[in-house]
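*Asks:* If you scroll down you'll find the structure; I have some questions about it.
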Amino acid sequence: MRLRGRKSFKENLERQQDLIVLEPQQWKGRWSEFFGNDNPIHIECGMGKGQFISRHSVNRPQVNFIGMDMYDELLSRASEKARALWKGEKNSEQVPNLALVRGNVEDLLDMFEEGELERIYLNFSDPWPKSKHGKRRLTHARFLAKYKQALNEIGEIHFKTDSLSLFEFSLNSFSDARLQMRSISLDLHRNGVRDDLVLTEYEAKFVGQGKPIYRLEAVVGDKIVEEHRRKVAEDLTEQLRRGASKESPAEDEE
107 MRLRGRKSFK ENLERQQDLI VLEPQQWKGR WSEFFGNDNP IHIECGMGKG QFISRHSVNR
167 PQVNFIGMDM YDELLSRASE KARALWKGEK NSEQVPNLAL VRGNVEDLLD MFEEGELERI
227 YLNFSDPWPK SKHGKRRLTH ARFLAKYKQA LNEIGEIHFK TDSLSLFEFS LNSFSDARLQ
287 MRSISLDLHR NGVRDDLVLT EYEAKFVGQG KPIYRLEAVV GDKIVEEHRR KVAEDLTEQL
347 RRGASKESPA EDEE
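Residue numbers (my numbering): 107 to 360.
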């Protein structure tokens with residue numbers, strides 16, 4: 107649902123240039139300058155109120171995070187959440203490894219240079235259930251092409267949704283784009299909430315209602331694809347070895 111912006115939100119955002127970026131195009135190819143380091147950059151496209159990306163920034167200070175959304179009110183709420191987390195858990199007035207960006211995924215390549223991102227999070231995107239709106243889904247082929255260009259050699263896409271129809275669409279879309287997929291789950295929290303993963307606001311709500319969460323990871327960059335294929339081959343070889351060992355007749359005792 108679109109939240110109505112107010113003048114006070116815009117003024118508040120303009121005062122937070124250390125955290126909020128209203129014109130991200132100016133940093134294209136220079137995000138390392140914004141953060142003041144060369145750490146990898148992970149972005150959440152459609153961050154909502156910012157719980158997911160703010161928690162990640164606290165948990166993983168060695169990574170630079172970007173939360174992107176279109177609406178001023180969401181940027182304002184996300185900034186409050188991020189600052190409160192860093193103040194409460196890091197005793198810091200600053201949020202050094204997070205940028206909250208006002209932008210649209212349509213313009214991703216206007217904001218980031220080729221290979222500038224390491225990971226893209228797509229969490230509970232609008233499923234756009236009508237067939238005629240298929241091109242608006244963030245896992246449509248035209249968006250995947252943008253992601254592939256913006257991601258580096260170890261780039262990945264992490265996707266979560268509560269919509270089975272969107273997940274089915276996305277599986278086909280990733281497959282048609284010849285992207286390798288791993289960690290595919292049709293009910294992410296079936297055995298209890300995964301404490302190794304950060305939940306979004308929507309996810310916590312849906313899990314509380316007993317709804318299944320669908321998730322997958324897509325490996326995109328050439329280097330990570332090569333590593334993934336090697337691991338799959340090694341695992342298969344190990345399974346075949348174990349199978350052959352079980353089938354071999356025991357040697358006769360002398």
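We put the CB at the ideal spot given by N, CA and C, even for glycine.
As the structure is a computational prediction, the values presented were derived from the model and not from experiment.
Answer yes or no: do K134 and V164 have a C-beta to C-beta separation smaller than 9 Å?
*Replies:* Taking the first residue of the sequence shown as 1, we reach residue 134 at position 28. Taking the first residue of the sequence shown as 1, we reach residue 164 at position 58. It is not a contact, given that the beta carbons lie outside the stated cut-off.
*Asks:* M107: buried (16+ other C-beta within 10 angstroms of its C-beta) or exposed?
*Replies:* Translated into the one-based positions of the sequence shown, residue 107 becomes position 1. Low per-residue confidence applies at M107: pLDDT is 41, beneath 50, and the placement is therefore not dependable enough to give any value.
*Asks:* With a threshold of 8 Å, are at least 3 pairs of Cβ atoms found where one atom belongs to the segment 326 to 341 and the other to the segment 271 to 280?
*Replies:* Touching, no.
*Asks:* Nearest CA to the CA of L294: which residue from R321, F230, N170 and R284?
*Replies:* To locate residue 294, count along the sequence shown from 1; it is residue 188. The shortest Cα separation from L294 among R321, F230, N170 and R284 belongs to R321.
*Asks:* Classify E117 as buried or exposed, calling it buried when 16 or more other Cβ atoms lie within 10 Å of its own Cβ.
*Replies:* Translated into the one-based positions of the sequence shown, residue 117 becomes position 11. Its Cβ having fewer than 16 others within 10 Å, E117 is exposed.
*Asks:* Alpha carbon to alpha carbon, how far is G261 from E224? Give it in angstroms, no decimals.
*Replies:* As a working mapping, residue 224 is identified with position 118 in the sequence shown. As a working mapping, residue 261 is identified with position 155 in the sequence shown. The alpha-carbon atoms of E224 and G261 are separated by roughly 4 Å.
*Asks:* Spatial neighbours of L125 within its chain, please: CB distance less than 8 Å, with the 5 preceding and 5 following residues excluded, ordered by chain position.
*Replies:* Here residue 125 is taken as the residue at index 19 of the sequence shown, counted from 1. Taken in chain order, the residues that qualify are S185, A188, R189, V201, L204, A205 and L206.
*Asks:* Who pairs with K238 in a beta bridge, going by DSSP?
*Replies:* Looking up residue 238 in the sequence shown gives position 132. None, per the DSSP bridge assignment.
*Asks:* Mark E360 as exposed unless 16 or more other C-beta atoms lie within 10 angstroms of its C-beta, in which case mark it buried.
*Replies:* On the sequence shown, position 254 is the one that residue 360 refers to. Note that E360 has pLDDT 40, beneath the 50 cutoff, so the model's placement of it is unreliable and no number is given.
*Asks:* List the whole-angstrom C-beta distance separating V313 from F158, where the pair is believed to meet the contact cut-off of C-beta under 8 Å.
*Replies:* Within the sequence shown, the letter at position 207 stands for residue 313. Within the sequence shown, the letter at position 52 stands for residue 158. Not confirmed; about 14 Å, so no contact.
*Asks:* Does the distance from the CB of M174 to the CB of E150 come in under 9 Å?
*Replies:* Working through the sequence shown from its first residue, we reach residue 174 at position 68. Working through the sequence shown from its first residue, we reach residue 150 at position 44. Closer than 9 Å, so yes.
*Asks:* Is it buried or exposed for D178, if we count other Cβ within 10 angstroms and need 16 for buried?
*Replies:* As a first step, residue 178 must be located in the sequence shown, where it is residue number 72. Per the 10 Å Cβ criterion, buried.
*Asks:* Who are the Cβ neighbours of R242 in its own chain at under 6 Å, not counting the five residues just before and after it?
*Replies:* Along the sequence shown, one-based indexing puts residue 242 at 136. Taken in chain order, the residues that qualify are W234.
*Asks:* Suppose only complete runs of 4+ residues qualify. What are the alpha helix (DSSP H) ranges in the segment 243 to 281, listed by chain order?
*Replies:* Runs of the alpha helix (DSSP H) inside the segment 243 to 281: 247 to 256.
*Asks:* Considering only their Cβ atoms, is the gap separating Y227 from I263 smaller than 9 Å?
*Replies:* Counting from 1 along the sequence shown, the entry for residue 263 is found at position 157. Counting from 1 along the sequence shown, the entry for residue 227 is found at position 121. Yes; because the gap between Cβ atoms is below 9 Å, this pair is in contact.
*Asks:* Just grab the DSSP bridge partners of F171 for me.
*Replies:* By 1-based counting over the sequence shown, the position of residue 171 is 65. H148 and L204.
*Asks:* In its own chain, which residues sit with a C-beta less than 7 Å from the C-beta of R183, not counting the 5 before and 5 after it?
*Replies:* As a first step, residue 183 is located in the sequence shown; it is residue number 77 there, counting from the start. Once the five neighbours on either side are set aside, the close Cβ partners of R183 are K155 and G156.
*Asks:* Nearest to S198 by alpha carbon, out of N210, P167, E219 and F218?
*Replies:* Against the sequence shown, residue 198 aligns to sequence position 92. Checking every option, the nearest Cα to that of S198 belongs to P167.
*Asks:* With H, G and I counted as helix, E and B as strand and the rest as coil, what does DSSP make of E353?
*Replies:* For the purposes of this step, residue 353 is taken as residue 247 along the sequence shown, with counting starting at 1. Of the three classes helix, strand and coil, the one that applies to E353 here is helix, per DSSP.
*Asks:* So does G261 have its beta carbon nearer than 8 Å to some heavy atom of the ligand SAM?
*Replies:* In terms of ligand content, the structure shown is empty, and the ligand SAM therefore cannot be addressed.
*Asks:* Taking the alpha-carbon of E220 as reference, which of R208, Y253 and G209 has the nearest alpha-carbon?
*Replies:* Locating residue 220 in the sequence shown gives position 114, where the first residue counts as 1. Among R208, Y253 and G209, the Cα nearest to that of E220 belongs to Y253.
*Asks:* From the DSSP secondary-structure annotation, give me the bridge partner or partners of I159.
*Replies:* Along the sequence shown, read from residue 1 onward, the residue named residue 159 stands at position 53. Paired residue(s): none; I159 is not in a bridge.
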